[in-house]
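Take a look at the structure below.
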Amino acid sequence: MVKCDELIKFWDHYLQSSTIPDSSRNGLQVQGPQEVKRVAFGVSASVALFEKARAAGADLVCVHHGLLWGQEQTITGLFGQRVKYLLTHDMGLAAYHLPLDKHPEVGHNACLLRALQAQNMRTFGQYHGVEIGFAGEVNPTSLNAVQTTLEQFCQTKAQVLAYGPKEIRTVGIISGGAYSMLPQAIDQNLDLYVTGSLDEPAQEWCREGNINCLALGHYHSEKCGVQALRQRTAEQFDVETEFIDIDNPL
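If you read the sequence shown in my numbering, its first letter stands for residue 136, the second for the next number, and so on.
Pasting the structure below:
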């Protein structure tokens, strides 16, 4: 068992959330019990996640996509239903958005790049003045080999835009809905850009920019960071932890 305040203090410090500008209200978003026996981790706040967390006996839920995004909001509609569920069942909610994207140890992008055994990793991808992704070098390999590795790692099927070099040596990764940052990978002459989800302009950017692109799905590209934070939390505290997978093909 651990106090909720201790968990939040650890996550805030470990993820350096106070130093990173973000639309998400990172940290504790909904107050629950002070004594926490079990923490459930998930990608996105939803009633489905909360129901499974409650069934698992969780006192606190920690997610990447929380409920509060920097603006005042009436507690009505879907938002109200989610808040009501947490308060009714005395469960807390914490969220860490960009801090979990950019973290060099448990961040999604660093985890994905390490799955490729990349070397010379460096920060990459400016988002509102903050570099939230990572780029690195891999042993010369094929696009198909990289695709297979990441599909197995994320347990998903990737979208592929094969318009770049046949041999992959350099890779840049920004998880989630970061298709619009693909031009930054082109500007840095990377062989491959990996993200979560794509939109219509991406194909011609790849063709004209001579770059390959893999899209793992917004959800599946951001499971690994949450899972890594769960593991780090379990190592740090005497508390039960569980990752709850609410599968999402998008």
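Each residue gets a CB set at the ideal place from its N, CA and C atoms; glycine is no exception. All values reported here derive from a predicted model rather than from experimental measurement.
What's the C-alpha gap between Pro156 and His263?
In the sequence shown, counting from the first residue as 1, residue 156 sits at position 21. In the sequence shown, counting from the first residue as 1, residue 263 sits at position 128. So the two alpha carbons sit approximately 8 Å from each other.
For Leu385 and Leu142, what's the separation of their Cα atoms in angstroms?
As a position in the sequence shown, residue 385 is number 250, starting the count at 1. As a position in the sequence shown, residue 142 is number 7, starting the count at 1. Leu385 and Leu142: Cα-Cα distance of roughly 30 Å.
Quick one: residues in its chain with C-beta nearer than 7 Å to the C-beta of Ser152, no 5 flanking neighbours on either side, listed in chain order?
As a first step, residue 152 is located in the sequence shown; it is residue number 17 there, counting from the start. So the qualifying residues of the chain are Asn161, Gly162, Tyr231, Pro234.
Evaluate contact between the segment 302 to 310 and the segment 243 to 262, counting only Cβ atoms and requiring at least three cross-stretch pairs below 8 Å.
Because the criterion of three Cβ pairs below 8 Å is met, the segment 302 to 310 and the segment 243 to 262 touch.
Tyr314 in three-state terms, based on DSSP:
By 1-based counting over the sequence shown, the position of residue 314 is 179. In the structure shown, Tyr314 sits in a helix (DSSP, three-state: H, G or I).
Segment limits, beta strand (DSSP E) that includes His199:
Position 64 of the sequence shown, counted from the start, is the residue given in the question as residue 199. Residues 195 to 200.
Given a threshold of 16 other Cβ atoms within 10 Å of its Cβ, counted over all protein chains shown, does Ser158 qualify as buried or as exposed?
For the purposes of this step, residue 158 is taken as residue 23 along the sequence shown, with counting starting at 1. Exposed is the label assigned to Ser158, since fewer than 16 other Cβ atoms lie within 10 Å of its Cβ.
Taking 8 Å as the threshold (C-beta atoms), are Ala250 and Thr305 in contact?
As a first step, residue 305 is located in the sequence shown; it is residue number 170 there, counting from the start. As a first step, residue 250 is located in the sequence shown; it is residue number 115 there, counting from the start. No; because the gap between Cβ atoms is not below 8 Å, this pair is not in contact.
What do you reckon, is the C-beta of Val281 under 7 Å from a heavy atom of the ligand NAP?
You won't find the ligand NAP in this model; it holds no ligand whatsoever.
Distance between beta carbons of Met226 and Val374, contact taken as under 8 Å
Your numbering for residue 374 matches position 239 in the sequence shown. Your numbering for residue 226 matches position 91 in the sequence shown. In this structure Val374 is not in contact with Met226, their Cβ atoms being roughly 15 Å apart against a cut-off of 8 Å.
Which residue or residues does DSSP assign as beta-bridge partners of Cys348?
For this step, residue 348 is matched to residue 213 along the sequence shown. BP columns for Cys348 point to Leu296, Tyr328.
Can you confirm whether the segment 352 to 360 touches the segment 323 to 331 when touching is taken to mean that 3 or more C-beta pairs between the two stretches lie within less than 8 Å?
Touching, per the Cβ criterion.
Nearest residue (CA-CA) to Gln261, options Lys219, Ala270, Gly167:
Working through the sequence shown from its first residue, we reach residue 261 at position 126. Selected option, being the one with the closest Cα: Ala270.
Residues near Pro97 by beta carbon distance below 6 Å, same chain, minus five either side
Because residue 97 is not part of the residues shown, which for the chain are 136 to 385, the question remains open.
Proximity below 8 Å, CB of Asp194 to CB of Arg217:
Residue mapping note: residue 194 aligns to position 59 of the sequence shown, counting from 1. Residue mapping note: residue 217 aligns to position 82 of the sequence shown, counting from 1. It is not a contact, given that the beta carbons lie outside the stated cut-off.
Roughly how many angstroms separate the alpha carbons of Arg342 and Met316, rounded to a whole number?
Residue 342 sits at position 207 when you count from the first residue of the sequence shown. Residue 316 sits at position 181 when you count from the first residue of the sequence shown. If you take the alpha carbons of Arg342 and Met316, they lie about 15 Å apart.
Closest residue to Ala190 among Tyr220, Asp147, Asp326, Val165 (Cα-Cα distance)
For the purposes of this step, residue 190 is taken as residue 55 along the sequence shown, with counting starting at 1. With distances taken between Cα atoms, Ala190 lies closest to Tyr220.
Determine the burial state of Gly201: buried for a count of at least 16 other Cβ atoms within 10 Å of its Cβ, exposed for fewer.
As a working mapping, residue 201 is identified with position 66 in the sequence shown. Buried: at least 16 other Cβ atoms inside 10 Å.
Using a Cβ-Cβ cut-off of 8 Å (strictly less than) and excluding sequence neighbours within five positions of Ile379, which residues of its own chain qualify?
Taking the sequence shown and counting its residues from 1, the one referred to as residue 379 is at position 244. Taking Ile379 as the centre and dropping the five residues before and after it, the same chain places the C-beta of Ala175, Phe176, Gly177, Leu184, Lys187, Ala188, Ala191 closer than 8 Å to its C-beta, in chain order.
Does the Cβ-Cβ distance between Thr291 and Leu222 come in under 8 Å?
On the sequence shown, residue 291 is found 156 positions in, with the first residue counted as 1. On the sequence shown, residue 222 is found 87 positions in, with the first residue counted as 1. At least 8 Å separates the beta-carbon of Thr291 from that of Leu222.
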